[in-house]
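Down below is the structure, laid out as structure tokens.
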Ligand code: OAD
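Residue numbers (our numbering): 14 to 260.
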């Protein structure tokens, strides 16, 4: 048995015996569905400066430009489906008494695979928010008939209900995460498909396991979290997760 196989077997055993499991996902979990990541070759931030499309200043300067970028992403997302990684995590939720999934992704592929106990720390791309009223709602039109789209009630611009650089992360998602983590250490934390480039992500990941839980990273590459992980399963999430969580 090679190292990867024996690590997979060890993680499977720990997951089988665990009650409390925390999962943290990033763009890599949707990569095998055909959704580009941000920082890999071909990722969004390799093609466009995030400050042109993912800041409040960019939206103020040119809402149509920002919305064209989000509209294209929404159109592309409409062509993709959840992959085996999303389905394995939905299955894991069914098996565990005390499960919580925190995703940095704005897509809805976890929900479409069946996940329920989850929060989106960076917002949701299928929601829009009125710039005047501040209210948010789901809008699945893609492409929008008019760019930039406007609020049907008051005529003001709407924006994507996602977190931009320089903004606070989603308050409800922070509260759900804090509520879950404050109940005590988890048995296993799975950190999947993220560069873990934000302090709050590495903080929640490392804090979640307390003194005795197992921190597992699933990622083909090395990240800022790798040195803190007990086990790094180096491979694509859509191949590794079904081995750990068989249907
Ligand atoms: P990144 O694009 O920074 O990182 C993607 C990670 O996924 C990398 O570590 C890849 O090695 C890994 N990866 C690629 N393919 C994979 C696969 N098949 N299976 C598992 N892992 C794979 O994306 P995030 O870390 O999610 O925020 O980025 C975090 C945030 O930065 C995003 O939510 C976005 C971005 O700026 C905002 O827009 C606020």
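All C-beta atoms, glycine included, are put in the ideal place defined by N, C-alpha and C.
No experiment lies behind these values; they were computed from the predicted model shown.
Of the candidates 138, 238 and 243, the residue whose Cα lies closest to the Cα of residue 80 is 138.
Look at residue 32: its beta carbon is at least 7 Å from all of the heavy atoms in ligand 1. Less than 8 Å separates the beta-carbon of residue 33 from that of residue 111.
In the structure shown, the three-state DSSP call for residue 223 is coil.
Around residue 41, the same chain offers 50, 205, 206, 207, 232 and 250 as residues with beta carbons nearer than 7 Å, after the five sequence neighbours per side are excluded. In the three-state DSSP reduction, residue 168 falls in the coil class, being neither helix nor strand. In the three-state reduction of the DSSP assignment, residue 199 falls in the coil class. Contact between residue 104 and residue 260 holds, with the beta-carbon distance rounding to 6 Å and staying under 8 Å. Residue 136 carries a strand assignment under DSSP once its states are collapsed to helix, strand and coil. For the pair residue 91 and residue 122, the Cα-to-Cα distance works out to about 10 Å. Fewer than three pairs of CB atoms, one per stretch, sit closer than 8 Å, so the region 226-245 makes no contact with the region 64-79.
Non-local C-beta neighbours of residue 129 in its own chain, meaning closer than 7 Å and more than five positions away in sequence, comprise 106, ordered along the chain. The DSSP assignment places complete beta strand (DSSP E) segments of no fewer than 3 residues inside the region 170-195 at 171-175, in order along the chain. Relative to ligand 1, residue 36 has its C-beta separated by 7 Å or more from all heavy atoms.
Residue 171 and residue 222 have their C-alpha atoms spaced approximately 39 Å apart.
With contacts defined by Cβ atoms closer than 8 Å, residue 115 and residue 102 do not form a contacting pair.
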